[in-house]
Amino acid sequence: MKSYISSCADSGSGSETVSKCEPGTEKVERVTRRRMAANSRERKRMQGLNTAFDRLRKVVPQWGQDKKLSKYETLQMALS
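Rendered as structure tokens:
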């Protein structure tokens, strides 16, 4: 994951210094949440694709192989 560095500026005078770092932190959290959501969607997409390949493997001939056909082999058998 990329590292985000925010520049923090302090405003105010004396002991009442207010840090403006929160917007940068919120941005990092928002980016992290978006990335996690995207990863979750991609996992679901790949699970659906793998399920479809498993269903296709059940209807294409295997020619006596003991091992599971690869995705490429499955597509080749489906086309022939």
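Residue numbers (our numbering): 202 to 281.
For every residue, glycine included, the Cβ atom is placed at its ideal position computed from N, Cα and C.
- T275 sits buried, since 16 or more C-beta atoms from the chains shown fall within 10 Å of its C-beta.
- Here F254 really is in contact with K272; their C-beta atoms are around 6 Å apart, less than 8 Å.
- DSSP, read as helix, strand or coil, puts S241 in helix.
- For the 8 Å CB-CB criterion, L270 and R256 do not form a contact.
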